[in-house]
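Notes to accompany the following structure.
See the structure below:
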């Protein structure tokens, strides 16, 4: 398979688009002190979907050590703070700081602009179909992944 053949392979193209979106977003997010890896964490905290490191790792489907590193960077950059859970003293609750709350709207705008740029020239119907295709491909891959089998043993 040569390089021009790769440009017809969906997984290769998805990776290239993802890499370029991330590269451009990282450049624009840098002045805010936010990286792309932090955005899902900040979003989950903003919407109250998770409050502990374990909940964040589970929700965002990352390993605990990776989440610990992400949270350490966010804490160093004063975007989150941790405090003891009043009900379970050994558990730390994670919450956004005022600085994070002030920066998240601009960060989301930057990400939205990246999506708009990537989808320039697509009709609304094409965007909806594209999103549907990506969601279906993701569901197909996750359906029989080893992680999903461990989480849902009855699905095998």
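Residue numbers (UniProt numbering): 1 to 156. The beta-carbon is built from N, C-alpha and C at its ideal position, and this holds for glycine as well.
Task: At least 3 beta-carbon pairs within less than 8 Å: the region 47-57 vs the region 94-102 - done: yes
- [ ] Please name the residue in 58, 4 and 14 whose C-alpha comes closest to that of residue 135.
- [x] 14
TODO: Would you kindly work out how many angstroms separate the C-alpha atoms of residue 107 and residue 144, rounded to a whole number?
DONE: 34 Å
Open item on the list: So for residue 144, helix, strand or coil by DSSP?
Closed with: coil
- [ ] Could you check what DSSP says for residue 52 in three-state terms: helix, strand or coil?
- [x] strand
- [ ] Would you mind stating whether residue 86 and residue 60 have Cβ atoms separated by less than 7 Å?
- [x] no
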